[in-house]
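S.K.: Quick one: the structure is below, and I'll ask about it shortly.
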Amino acid sequence: MAQQMTSMSPAAHTNGEGPTFVPPTDIFETKDAIIMHLDVPGADPESLDVTLEKRDLSISARSTGSAPEGYAAIHAEFRDGNYERAFTLSDQIDSERIDAVFKDGVLRLTLPKITPSPAKKITVKSA
Amino acid sequence: MMREYAAEGRWPDLFHQIRRAQDEMNRLFASPRFALRPEFPQINVWAGADKAILKAEVPGVSPDQLDITVHQDIVTLRGKRDPEKVDGEAIAHRQERMHGPFARTIVLPFRVDADKVSARFDRGVLALELPRPAADRPRQIKVARG
């Protein structure tokens, strides 16, 4: 399985029952942004949490309710549990403009890079 | 799957079967020879007297890309997961998600009525309801004193 990049403490509300899974992630970088796609099938949209603290990005979610009541499990490959992943970002990211979309079990994050301000010319006063 | 009967009772112990299946999976993943990823999609199956329920984790796959076939007691799930579109030129730093075609076949513990199968797709999880034909359902047998 892929490695965890940092040892971030997870958000408090995902410490529920069930195992913790590491969602597989694709990371792309364009000129203006970093784009991430995380597989979080069955995640409850209310439980999705994406937090950026300085350069540490942490994502967590809970998936519940996959087992129907009153039926015996015959074959089990996935379970309800928590999704957690943390990353340390290399570029400066504009945290005000982070865009997160959850669709069809995939969390798409767009992290725009801070546009560097143009070089400032400083006038020198001669005293 | 091999049927296992608990030594003392008369009932097949399904919990035992599940535990054994999970142990086998854990052993498979823990083995140093294991170089493959888990299969895509991951599938769970539940069964009851009236129907079987199959759930498959297919995040990022649109329902029209799924090809579901049901024949007697065999369910085949085929499809294709396209990579997510990224605007403009992009460098890939990490690609852990599987892309491309996938196919999995699951054998159910009983035959189901293919005409009555219903499918739902929610938050990346496909849920199939596979009802048993009425004639196949278990019946209560009345015992007469005589």
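Protein chains in written order, with this note's numbering: chain L, 4 to 130; chain W, 7 to 152.
Idealized CB from N, CA, C, for every residue including glycine.
Against chain L, which members of the segment 68-84 of chain W pass a CB distance test of less than 8 Å?
M.R.: Flagged, chain order: SER68.
S.K.: Which class does MET142 of chain L belong to by DSSP, given the choice of helix, strand or coil?
M.R.: The requested residue 142 of chain L does not occur in the structure, where chain L is confined to residues 4 to 130.
S.K.: Do we get a CB-CB distance below 7 Å when we pair ASP42 of chain L with the residues of chain W?
M.R.: Output row for ASP42 of chain L: interface = yes.
S.K.: Output, in sequence order along the chain, the residues in the segment 120-150 of chain W whose CB is closer than 7 Å to any CB in chain L.
M.R.: Flagged, chain order: ARG129, GLY130, VAL131.
S.K.: Report yes if the C-beta of ILE30 of chain L is less than 6 Å from at least one heavy atom of the ligand ZN; otherwise report no.
M.R.: With respect to the ligand ZN, the structure shown offers nothing to examine, as it has no ligands at all.
S.K.: Taking beta-carbon pairs under 7 Å, can you tell me which members of the segment 86-107 of chain L lie near chain W?
M.R.: Residues passing the 7 Å Cβ filter: ASP107.
S.K.: Could you tell me how far apart the beta carbons of LEU55 of chain L and ILE101 of chain L are, in whole angstroms, since I believe they sit closer than 8 Å?
M.R.: About 6 Å separates the two Cβ atoms, so the contact holds.
S.K.: Can you pull the DSSP bridge partners for LYS61 of chain W?
M.R.: W:ASN50, W:ALA133.
S.K.: With three or more C-beta pairs closer than 8 Å as the rule, is the segment 114-126 of chain W touching the segment 56-63 of chain L?
M.R.: Contact fails: fewer than three Cβ-Cβ distances are below 8 Å.
S.K.: Starting from LYS91 of chain W, follow the beta strand (DSSP E) in both directions and report where the run begins and ends.
M.R.: Counting along the chain, LYS91 of chain W falls outside any beta strand (DSSP E), and DSSP gives it neither H nor E.
S.K.: From W:ILE24, W:PHE46, W:GLY130, W:ASP56, pick the residue whose C-alpha is nearest to that of ARG138 of chain W; which is it?
M.R.: Comparing Cα positions, the closest option is W:ASP56.
S.K.: Tell me the DSSP secondary structure of ILE77 of chain L in three-state form.
M.R.: If DSSP states are grouped into helix, strand and coil, ILE77 of chain L belongs with the strands.
S.K.: For MET31 of chain W and ALA36 of chain L, what's the separation of their Cα atoms in angstroms?
M.R.: If I take the Cα positions, the gap works out to 39 Å.
S.K.: Step through the CB atoms of chain L and report whether any lies within less than 7 Å of the CB of GLY94 of chain W.
M.R.: Yes, because at least one Cβ of chain L sits closer than 7 Å to the Cβ of GLY94 of chain W.
S.K.: Less than 7 Å between CB atoms is the rule here; does PHE40 of chain W satisfy it with respect to chain L?
M.R.: With a pLDDT of 48 at PHE40 of chain W, under the threshold of 50, the modelled position of this residue cannot be trusted, and the question is left open.
S.K.: By the DSSP assignment, the beta strand (DSSP E) with VAL109 of chain L in it spans what residues?
M.R.: Where VAL109 of chain L is concerned, the enclosing beta strand (DSSP E) stretches over 109-115.
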